[in-house]
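Data block below; observations after.
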Amino acid sequence: MQSIKFKLIALFSIICSLVFIVSGIILYNVSSSELTRLSEDLSSDITENSADAVGSLIEQNLSELAIITEYDAVKEMDIEDSKRFLQKAENNTLFTRLSIVHPDGTAFSSNGEQGDFSASAYMEPIFQQGQHTYVTNPFESSLDGQLITVFAHSITNFDGEVVGLISGSVLLQDLTSAVDQINIEGEGFGWVVDGTGDIIVHRNDSRIGESVTDSSNSSYLGDNLDKIMSNDNGVIRTDIEGVDSYLLFSNIDNTHDWKLFIQIPRSTLLSGLQLFTRIFVIFVIGSIFTILITSYFGANYFTKPIKSLTTHAKTIADLDLSSNVPNNLLERKDEIGSLSKSLQLITENFKETINKIKGSSHTVQSYSEDLTSSAKDAAQISKEVSSATQQIAMGASSQATDTEDGSIKASNLGNLIEQNQDHIKNVSNFSSQVSSAVKEGLDKVQELTQISNESNQEVQEVHSAIVQTSDSVSKISQSSQLIASIAEQTNLLALNAAIEAARAGEVGKGFAVVAEEIKKLAEESTSSTKTIDEVVTELQSNSKKSVESMEKVENILSQQSNIVSITKDKYSLILDAIKTTEVEVQNLSTSGSEMEKMKNDILNTLQNLSAVAEENSASTEEVSASMEQNNSSIEKIQKSSLNLEKIAKDMNENVTKFNL
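All residue numbers for the sequence shown refer to the UniProt record's numbering, where the first residue is 1 and numbers rise by one.
Pasting the structure below:
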């Protein structure tokens, strides 16, 4: 059986891997398209820049020819004066040979050689069509066989008339050096096609001279030719010698439809994409490995508590309820925590239920034992009842004799009832006398209660007065202490005054006498306050004793009031009891009359008992038969109770299998 852990790891890994793979495919396609576009744009820029470089070099050469035509000797078509200038220009430019050409085709080079250039391609455009410049397609030099290109520029005199032209030969390799420098990852390179479709520059010399319009050679561009010829620049994807390649092209300015081509294998152009693909594959593999590790630990995080809960559930399945769910699982706030709490609650409920079942099984067993015992007792009682019914049948025969004796005794009972009536009358008279005496006693107790309440009130007033007196004495004591303090301060002031008077000498004698008198008065005040304090102390002591005595008197009066109240209650109870006795005596008198009447009824009843005895004899026989059936039912109950006791024992044995 596969574990949840394995399933989680597999599921999470598969999903994440699919996400990475799908994302990688999408990213690869998007990146491939974008990188292809960027590469094409970049390569197109390179192509255009390279074409511009060649075009700029051509324009530079034409500009140099234009400068040469501004030389006076050249304007005047003075060959001799122009030679030296032309030689100097050859040394400072790319031109290998400069010549001045007349309209009839007669040409004079810088070294003085004369030639016929009338068949040159630039003659008609300049002299007949009015062009000022012209650049020929490359051709082999008649001197050394190298490919050269001739630049031509019209010469105008000072009157503005075209009087000739100047031509300059440039090695094609010097002109297209920028093309030779094109090298993209060692695979991409440039080549040039002239206006007729012939290859004039190529890194493979064997291709030079081939025509891209000729289907018989390997340079044939096929269906792409129209697109190339009809556009100044662009890019095409084509198969070149079995290699899937991009061919970028751009017109070269200042030429007759020259085109620069850059040939790049697609694999080279997208080499960055291959590196990206390898890096991405490594990243995906590393990510999947990381996902596996993360999934493993993540699955452990979730499955470890589940395993713990599974172990706990197996323990419960093995009837062991003694262990609890670990606290770390109970404290979790997620679904595992809820599951742990639920499982712990199940365990506790199981424990509680098992304990209840144990108690119930013991109770059922006890009740079944009691029921068995009761059934046995019922069987025994049934037998005894059956025996008793037989005895009743035997006693029914003697009932008639007993009823006759009952009639005689009932007559004697009537005589006793008459005597009892006389005694009841005597009791009634005695109760009336006691009731009168109790009423008088209640009146006296009421008077005593009133007197006791008045005494208690007077004592409370005296107690309150004594307490107030004690408070006043305390205030007097405080005042006396204040006077003593003032006297002491006065004495000190008198002493200070005497000292100051002594310092004053004769002048202070009168003041000293006054100070002495003040001192005497202070001492007398102090003595008086001491006497007052002694009297106050004695008065406080006496007041305290009086208060204590009054409190004792209050307690005594309170006890006296309680006793009087209790006595009053007792007299009231006695009066109520006597009234009740009078009522009961009256009831006894009435009952006596009724008993006399009932005596006669009893005599009649006893006569009927004889007939009833005969009926009882017949009924006892029926009861005896019913008791036999009852015995049979009791035996069945006894068997059922034994079965119930056995079931209770079995249930108790099953419950004891649980380990709590």
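We treat Cβ as the ideally placed atom computed from N, Cα and C, and that holds for glycine.
The model shown is predicted, which means the values in this text are computed figures rather than measured ones.
Taking all protein chains shown into account, do 16 or more other C-beta atoms lie within 10 angstroms of the C-beta of residue i, making it buried, or fewer, making it exposed?
i: Ile182; result: buried
i: Val583; result: exposed
i: Met1; result: Here Met1 scores only 46 on pLDDT, less than 50, and its place in the model should not be relied on; the value that follows carries that caveat. Exposed, by the Cβ-count rule.
i: Glu210; result: buried
i: Tyr301; result: exposed
i: Ala504; result: exposed
i: Ser527; result: exposed
i: Ile155; result: buried
i: Ser593; result: exposed
i: Glu632; result: Contrary to the premise, residue 632 reads as Ser rather than Glu in this sequence. The residue in question, Ser632, is exposed, as its Cβ has fewer than 16 Cβ neighbours within 10 Å.
i: Leu492; result: exposed
i: Phe249; result: buried
Run through DSSP, which three-state label would residue i get?
i: residue 677; result: A question about residue 677 goes unanswered here, because the residues of the chain that appear run from 1 up to 660.
i: Asp650; result: helix
i: Phe158; result: coil
i: Ala10; result: helix
i: residue 668; result: Nothing about residue 668 can be reported from this structure: the residues present for the chain run from 1 to 660 only.
i: Thr149; result: strand
i: Val54; result: helix
i: residue 667; result: Outside the modelled stretch of the chain, which goes from 1 to 660, sits residue 667, for which no answer is possible.
i: Leu247; result: strand
i: Thr133; result: strand
Can you tell me where the beta strand (DSSP E) holding residue i begins and where it ends?
i: Leu260; result: 259-265
i: Asp116; result: 114-116
i: Ile240; result: 233-240
i: Ser230; result: Not the beta strand (DSSP E): Ser230 falls in the alpha helix (DSSP H), residues 225-230.
i: Leu165; result: 162-171
i: Gly188; result: 188-193
i: Asn254; result: From DSSP, Asn254 is part of no beta strand (DSSP E); its letter is neither H nor E.
i: Val201; result: 199-201
Cutting at 7 Å between CB atoms, please list the residues of its own chain near residue i, excluding the five before and the five after it.
i: Gly190; result: Ser50, Val179, Ile182, Leu260, Phe261, Ile262
i: Leu171; result: Thr96, Gln146, Ile148
Counting along the chain, where does the alpha helix (DSSP H) carrying residue i start and finish?
i: Asn137; result: Segment: none, Asn137 is in no alpha helix (DSSP H) and carries neither H nor E.
Near residue i, what residues of its chain come up, given a Cβ to Cβ distance below 8 Å and the 5 sequence neighbours on each side ignored?
i: Ala313; result: Leu343
i: Val193; result: Ile199, Ile200, Val212, Trp258, Lys259, Phe261
i: Glu653; result: none
i: Asn453; result: Ser561
i: residue 677; result: No answer is possible for residue 677: the residues shown for the chain start at 1 and end at 660.
i: Gln60; result: none
i: Ser565; result: Thr449
Cutting at 6 Å between CB atoms, please list the residues of its own chain near residue i, excluding the five before and the five after it.
i: Thr93; result: Glu64
i: Gly55; result: Ile252, Asp253, Asn254
i: Asn137; result: Asp194
i: Thr133; result: Leu62, His153
i: Asp81; result: Ala73
i: His202; result: Trp191, Ile208
- Query: Which residue spans inside the region 64-108 form an unbroken beta strand (DSSP E) run of at least 3?
  - Reply: 95-101
- Within the region 280-365, ranges of the alpha helix (DSSP H) (whole runs, at least 4 residues): 327-330
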